Structures are given as structure tokens and as C-alpha cells.
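Numbering (mature numbering (1 follows the signal peptide of the UniProt record, and there is no 0)), first residue to last: -26 to -1, 1 to 775.
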């Protein structure tokens, strides 16, 4: 590497580090908390296969496995310290910059012989470096670097860009050699990087399309026409197979579209409003990249919805501008390859997040990958503009002008990035900044309210919480977050009665369809207000209600230890006053300690895991209390039952995520066909796969059970019952088989059998996450049997003859 290249690279890294040097203690925000801060799936103690599998089984699943794995590695090697997460994010950003440089250099090299805009051989690497600096140092990228969870977007961009870059290198090698010799390794690298992109974020779905467009733009402009002509010359059976594949893809796309349409039920905008609004958002993204003033950058943004093409009028103008841009991209793709390819890259990589998917309207990190196309176009236009303005100067002088302009711009951008990152210093600063720039955003105000209360600014926090609630609308609210902040403010000010009154009124005024994720926290805060006021029964009831609410939420959102802690405080005070909390007519906790009583209560409510933890603590405090030891042994035994069944329960984990044996591969295929509505017409193939699995292992209860579900869904309930019974014969301790029998027998009208099967399910798996639903089905079956019995009695009493 030449000396000046080393100096340039060092200068770039210095600017990049300087721009982000104030972020290594920046606060986590929003999705950071449920992604890695409070997510036990990434809090691994070792690098064993079991720990890696736990990361893979997080609620993000396989599509975001690589980012989740990096969070787990940061936690493991960095001891959970925040700085390790920020260092990794900055390193990923630097690697992304390297990938951007590689891609743009390759694009310039390919375009030399085809594009009048392409810079000469001696300038292409220099301009690629300028483009990389402008892209990497742009303040708009802070939401993908400083906002830790957006490592997902950065990693997906890294692998996406690398995949395209490796593909272009491979195509260049093949063109230069006239054969594919030497290109294969680059294609393999492209495939590997593409696979990594698919394991980083769902946006990678656009990668195959981008590779096809790259081939069309840079190498074979008539690719589509040639492919069509080639297909017409193929045998009829080949055309039929391809037609079936296209049909399957269309059906799957329709299924996905229906799923997305249902997602709009939880938003404050419709599909039409989102599509119209995104025309303005896309152009706003362009303006933000080219004018990234810190005053325009925010974690949240107020977005006026487009209700029609003329409301607001800028919607029609924005749509016209986008249509014109797309027309120009297609019209001039042969003459101006690089300019149009940059525009194409921008639009293609916004397709998923700026069209049909019911995501939130605006986030700056969505520009991370698309902005690579913008910077390609911008640098070429800058270079050509300098050539035109200084057309009488020599080539060397023109390059110096471009170099000076880019150097000054990069220095300015690094200062602006540093200034923007100052807002990330504390929760107060980042949420305060968001409210200042998006005052109509209820989530921004709710988060600021919570931060203010936690930092001791109670009165201001309460005011912000009230403002957040006043701004809320259906599908666009953080009602319980704001309410919890308000109650915590009242608690901190010892204004317990005010907290109770406001809390009760908030429960009565809940907007329809409110997000219940923070409802348990709200109920616990209201419970604490009652406890502080001496109203222990009310505090107890609210705490139990909080626990019941947690059972209807994803496990990752449940903080049942808070419930146990609150219950213990309540019971300790009840013991002093002789109050009956649970309604059994006796003062609580009776002969037990407060901790033992809470453990017994949790066990009776089937909260076995929490019961074990509480009872263990109670046993350590009172090792001679025999009732505690008895309850603990019983709870431990029950929890072991839960552990055994939970380990066997998930077909997804056992087969779809582990299709690495002949049996598992057959089961994975059959399961996929059974679960995907768009693949139901492949049911005969699914049955063949199941028969193949049973041929490999005729004792496989999962294969029999899945066979039962196939029969049940095509209406053959008696065959389904028979399959479930055979599965139970082979493994009578398998709760999932009993559950299947319950469903199948209920469908067949065998209510007594169904009731017994559901009861056995809960006996084997007391902590089944959907226990309440199963208990509800049991009650429904009992009611049906009672009705049938009454009808039978009535019939027998009719006069005969």
C-alpha cells in the first residue's frame, strides 16, 4: 500500500473515532432494553452450544441471529459493560465503511468502458474514498451506530454491501479471463455474505433483486429479454415447473400481504395513508442525508399523515418527484450507468421499510444502507461539476479542488456527528431532545416523563406524563408508560392519595386497544400507592391483577420477581395488623413467614419458577420450618416437570431450526407445509414426508402427532384422534400428545375424552404458558356436557307413544 494511502486511511479512522469518541457511555434507549439489556437470552456465561442455541431461540429468532449473537458475545467478554457494546458498534460501522469503499471502487472500475460519467482510472479510488468518508461521517448514521440495537441494520448493511461487492469482483474476473476460473471463490464469498445478511435482518430480502439489477446495469443490459427468450426455448415441463414456482411465490406473497394488512389494526394509519405518507418521507430522507443538521436529527419525528394526494399538497408533488426519478433512472441507465445505479440502490433498499409493511413511519437508521446509493450519485455529480466549473484548469488541479472540498466536508461532518452524539449522553438528554424536535409525539413525552421521574424531577415528570396522555390516539400511544411515570412521581413526592385517585381514573379512561406491555408496571405502581396509604387488600388485589396480566404477555415482558417482592412487602405489613388478604377467613400469613406464604401463594397460582425462588429464600431464612420444606420439594418437583415438557415442546426448535439429520429434515418439511396456509395444496407431499419420517423411526411420537394435525385440518377428526392415541401409547408422559388428543377429541364430539386429555396435559405440564386457555377449554367442555345431559333428561321425560 502506498504511503499516502496509509496516511489517508489513518486520517479517515481518526475522524471516525473522533466523531464517535463521546458515545462510549451513551445511554441505551427504546428497543435496546428488550433486545439485550433485559434479555436473559443474551446474558450467556459461556460459549457452549447450549448457550448459542439459547441466543438462537430468542424472540428475534433466526432472521436476526448474527446481531443477537454479537450482543451475547459483548455481554460475555465485556462483562455486560456498556462500553463493549459501543466499541463493537463502531467497529461494525468501520467495517461497513470498508465495504462501501470496496463496492464503489468496483463500480467505478466496471463503468470505465461503459459510462461517460465514470471517473478515470487514476481518480476512481480517490473518489471512492471521498464517497466513503462522506457516507461514514454523515451525522444521519448516528442512529445506526450510537443507537445500539440498530447494530442489526448495520450488520445487515455490511453483509449486503459485501455480497454485491464480491459478486461484482467475480463478474470482473470472469470477464477478464473469459471463463469462470478464478471467479468461483468470489461468487462463494458473495453467497456466504448474503447468507449472513439473511441472518441479520429481514431487509436482506432485497439482496437477490439487487444482484439481478447489478447484473443488468453493469454487465448484461438485456438480461431479462435473454432470459425470457431462453425460457421459451425450454421444454414444456420446465416451463410448467417454473410456472408452478411463480404461482407458489405469488400465493405466499398474497399470504404475507394479508398478514401485513392485519398489522395495520394496531397502527394509527391505514395502508393507503402509509403509502401516501411515505412519498414525502422518502424525499425527506434525501434532504436529511444532504443536509444533516443536528437540529433535524432526532430519535422521534412528528409526521403529518397524508390523507389523500392533496392533503397535504406536498404528497402529490412528492409522488410526482419519485415517479420522475424512477423514469429518469430507467431512461438513462445505459448512458449514465453510475448515476442511475446509485438512484436505483437508494429506492430498492427502501422498498421494505417505506412501502407496505406496517412499520412506524420514520426512523433515521433506515437510511443507513440506501444512502450508499445517494453518496455514489452525489460524488459523481460533485466531480463532474468541478470539471465543468474549472474546465480551463488541468486535471491535477481539478482533483485537488475535489480533494479539498471532500476533506473540508468530511471534517465538518465529523464535527456535526460529534455534536449530534452529545444528545445521547443520558436518558434525559436523548428523550428531551426528542420532545424538543417532536413535541406531538406521545412516546417521546412518555419516555421523557419516565426519565425525569427517575432523575428526581418529579413534578416536571408528572407534567410530561399528562402531556403524553393528552396527545395519545388509537395505535399511537404509550398510555401505561406515561401512567406509570405519573404514579412513580406521586410516590416519590409522598402524594399517595393523589396517585390512587389519578391511577383509578386512568384505569377507567383507558383508550381502546391500548398497548398492555406496561400495564403490569402501572398496576404495581398503583398497588404501591395503596400500600403506602395502608390499604393492603387493595394493594394485594392489584398485585395479583398485575401477575395475571403478565401471563397474557410474552415471557420476555414479564417481571414476576417484582410481583413477588411487592407481595412480600404487603404480607409483612398485613402480619402486623392481622389482615386476611386471600379471603380464606384467617389472618395472613398465619403460621408461615411472609416469604413462605408468598411462595405458597405463587405455587397455588401455578407460578412454579417464582415459587421455587421465593421458597428457597424462605427456607434459607427458616431451615427448620417443615411446611416450607414440603412446599419447596413439591414446587421443585413441579418445576422439573415443566422443564422436561418445555424442552420437548417446540416443533420449531426441534425441527425447523435443526434440520440436520434425515429425520429432522423430513419433519421440518412436513411442518413447514402444515403451518403455511399458502402451501396447503402441497399436503400430499407433506404426508409423504411424514411417512418417510415414520419409516426412519416408527416410534416417533412427533411424527404421529403431526400426522394427526394434518388429518384434523382436512376434517378427518377420527383419524386425528387415532394418531394422537397411538402417540400417547408410545409416550404417555408427553403432554403435547395429550393436548393434541384434547383438540382432536373435542372436534370429534368426544367431550369426556377431550376433557380428560386436557386435564392430563396440565397434570404433566403444570406451568404450560397457555394454561389459562386450556382451563377455559375444560370449563367449556364441562358446560357442553352439562347441556347435553340436560337435553337427554328432557328428552327422556317426554311422553312416550
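All C-beta atoms, glycine included, are put in the ideal place defined by N, C-alpha and C.
Small disclaimer: the values here were computed from a predicted structure and weren't measured.
- Residue 168: member of the alpha helix (DSSP H) spanning 158 to 172, first to last residue.
- Boundaries of the alpha helix (DSSP H) harbouring residue 135: 125 to 151, taken from the DSSP string.
- For residue 417, the uninterrupted alpha helix (DSSP H) segment begins and ends at 416 to 428.
- Annotation for residue 266: no alpha helix (DSSP H) segment contains it, and DSSP assigns it neither H nor E.
- By the Cβ rule, the segment -18 to -8 does not count as touching the segment 590 to 603, because fewer than three pairs are nearer than 8 Å.
- Look at residue 607 here: in three-state DSSP terms it is helix.
- Of the candidates 454, 491, 459, 466, 454 places its Cα closest to the Cα of residue 482.
- Residue 463 is positioned such that its CB atom lies closer than 9 Å to that of residue 427.
- The segment 381 to 400 and the segment 232 to 248 do not touch, with fewer than 3 CB-CB distances between them shorter than 8 Å.
- According to the DSSP assignment, residue 401 belongs to the alpha helix (DSSP H) that extends over 401 to 411.
- Residues 725 of the same chain have their beta carbon placed closer than 6 Å to that of residue 758, with the five preceding and five following residues left out of the count.
- The residues 716, 719, 720, 755, in chain order, have a CB closer than 6 Å to that of residue 728 in the same chain once the five nearest residues on each side in sequence are set aside.
- Taking C-beta atoms as the reference points, residue 121 and residue 3 count as a pair closer than 9 Å.
- The Cβ-Cβ distance between residue 739 and residue 607 does not fall below 9 Å.
- Residue pairing by DSSP places residue 285 opposite 282 in a beta bridge.
- Residue 157 and residue 272 do not touch by the CB rule: their CB atoms are close to 45 Å apart, not below 8 Å.
- In the three-state scheme derived from DSSP, where H, G and I count as helix and E and B as strand, residue 486 is classed as coil.
- Contact annotation, residue 108 with residue 349: C-beta distance approximately 5 Å; criterion of less than 8 Å satisfied.
- For residue 117, the enclosing alpha helix (DSSP H) covers residues 116 to 119.
- Around the beta carbon of residue 305, fewer than 16 other beta carbons lie within 10 angstroms, which makes this residue exposed.
- Contact between the segment 524 to 533 and the segment 547 to 564 is not established, with fewer than three Cβ pairs separated by less than 8 Å.
- A distance below 8 Å between beta-carbons, with the five flanking residues on each side excluded, links residue 126 to the following residues of its chain, in chain order: 38, 41, 174, 175.
- Taking 9 Å as the cut-off, the beta carbon of residue 451 is found closer than this to the beta carbon of residue 417.
- Residue state for residue 447 is assigned as strand, using DSSP reduced to three classes.
- In the structure shown, residue 467 falls within a coil segment according to DSSP collapsed to helix, strand and coil.
- Below 8 Å, too few C-beta pairs join the segment 700 to 713 and the segment 583 to 594 to call them touching: fewer than three.
- Of 555, 83, 373, 105, the smallest CA-CA separation from residue 150 is found for 83.
- For residue 628, there is no enclosing alpha helix (DSSP H), as DSSP marks it with neither H nor E.
- DSSP places residue 510 inside the alpha helix (DSSP H), whose first and last residues are 510 to 524.
- Per the coordinates, the alpha-carbon of residue 132 lies some 16 Å from the alpha-carbon of residue 160.
- Residue 634 counts as exposed, since fewer than 16 other C-beta atoms from the protein chains shown sit within 10 angstroms of its C-beta.
- Membership of residue 67 in the alpha helix (DSSP H) is indicated by the continuous run 56 to 85.
- Counting only residues of its own chain and dropping the five nearest sequence neighbours on each side, residue 320 has a CB closer than 7 Å to the CB of 344, 347, 348.
- In this structure, the straight-line span from the alpha carbon of residue 431 to that of residue 403 is close to 14 Å.
- In terms of Cβ geometry, residue 112 and residue 263 form a close pair [threshold 9 Å].
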